[in-house]
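**Student:** Below is one structure. I have some questions about it.
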Amino acid sequence: MGAFSAFALIVIVLAVVVILMGVKSVPQGMEWTVERFGRYTATLRPGLNLIVPFVDRIGNKVNMMERVLDVPTQEVITRDNAMVSVDGVVFFQVLDAAKASYEVAYLENAILQLTMTNVRTVMGSMDLDELLSQRDKINAKLLGVVDTATEPWGVKITRIEIKDITPPAAMVEAMTRQMKAERDKRANILEAEGVRQSQILKAEGEKQGAILAAEGRRESAFRDAEARERAAEAEAKATAMVSEAIAKGNIQAVNYFIAQKYVEALTRIGSANNNKVVFLPLEATGIIGSIGGIAELAKQATGLQGPGGSSSGGSGGGGGGARGPWEQR
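Going by our numbering, the residue at position 168 of the sequence shown is 1318; the numbering climbs one at a time, nothing skipped.
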């Protein structure tokens, strides 16, 4: 009875060990390959899985999460024979654990070597200026080439980024001088353009000013001519009216017209700036006498007097009784 109990205990222990050997718990983000007698048979997903003990075994434990590889610095010769130092990073993710385990050995090293080779190929086909200014184009081209090459391995290349592109120190110094010269050139061009624009605007302003001044002079001349025309019309109208009055025998109109001209002449003489001595009439009756004498002459000219050539007032009395307008004492 004691021997049977010991045997049963051994069987139970062996059964528990066998069961434990057949139960596999795969963590999240991992996949395990199963080999039966050295041949791949299945892939265990995250969670609780069962295998046949002593027949099946775990082949590879594959990380299915996205990973990153650091691409070491390497020297690259560009198409224009410039040598630059380049480094970068590669992001990849395993999609098929079986292919990643059995299609390629040392997966990470294979991806790294493939990336470095294609970096030299892609960047060596470009000029230095393209290399420094078109990183997005370089990254896209590298991503397409490396992703296509790693597809049979069950790997997806999600991103390739070039971190640093370092030209030699002498080339950096030359590029700095070139950049400074280019900026100085642009500054000079902008300054010259500003001066040119300023001169154009100034000339435009002067042109507009001259046009406006000419238009002002034209308008002023037009107004002056119009004023002189109206003054001449008024003068002609006044003369015509005076002539008509003389023809009708109205001497008062002649007296008014002559007196007006006489007073205007005296006003101009008195307001002149260059005269030193001004002779004025000694008495107001002199003006009236002069006007009366001129009126008598106008009567004789129009034939309004009698054939004897004398009037009732007497021309001698009109001319001799009054003193002249500039008589001196």
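Even for Gly, the Cβ is constructed at its ideal location relative to N, Cα and C.
Quick one: what's got a C-beta closer than 7 Å to Ile1315's C-beta in the same chain, skipping five residues either side?
**Tutor:** Same-chain partners within the cutoff: Val1234, Val1236, Leu1281, Leu1282.
**Student:** On the three-state DSSP scale, how would you describe Asn1231?
**Tutor:** In this structure, Asn1231 counts as coil in the three-state DSSP scheme.
**Student:** In three-state terms, what does DSSP make of Gly1209?
**Tutor:** Correct three-state label for Gly1209: strand.
**Student:** In whole angstroms, give me the CA-to-CA distance for Gln1178 and Arg1333.
**Tutor:** Spanning the two alpha carbons is a distance of roughly 57 Å.
**Student:** Please classify Val1296 as buried or exposed, where buried requires at least 16 neighbouring CB atoms within 10 angstroms.
**Tutor:** When all chains shown are included, Val1296 counts as buried.
**Student:** Within this structure, are the beta carbons of Leu1219 and Glu1258 separated by less than 8 Å?
**Tutor:** It is a contact, given that the beta carbons lie within the stated cut-off.
**Student:** Could you have a look at Lys1398 and say whether DSSP puts it in helix, strand or coil?
**Tutor:** Lys1398: coil per DSSP, three-state reduction.
**Student:** Any idea which residues DSSP pairs Tyr1190 with across the strands?
**Tutor:** Note: Tyr1190 sits in a beta bridge opposite Glu1185.
**Student:** On the CB-based measure, 16 or more other CB atoms within 10 Å of its CB, does Ala1165 come out buried or exposed?
**Tutor:** It is exposed - the Cβ of Ala1165 has fewer than 16 other Cβ atoms within 10 Å.
**Student:** What runs of the alpha helix (DSSP H), each 4 residues or longer, lie entirely inside the stretch 1218 to 1283?
**Tutor:** With a minimum length of 4 residues, the continuous alpha helix (DSSP H) runs that stay inside the stretch 1218 to 1283 are 1247 to 1252, 1257 to 1274, 1278 to 1283.
**Student:** According to the neighbour-count rule (16 or more other Cβ atoms, all chains shown, within 10 Å of its Cβ), is Ile1339 buried or exposed?
**Tutor:** That one is exposed.
**Student:** Going by DSSP, name the residue or residues bridged to Val1173.
**Tutor:** Leu1200.
**Student:** Nearest-angstrom Cα distance between Ala1319 and Glu1311?
**Tutor:** Cα to Cα, Ala1319 sits roughly 24 Å from Glu1311.
**Student:** Would Ile1312 count as contacting chain C if we go by Cβ distances under 8 Å?
**Tutor:** Structure shown: chain C not included; a single protein chain is present.
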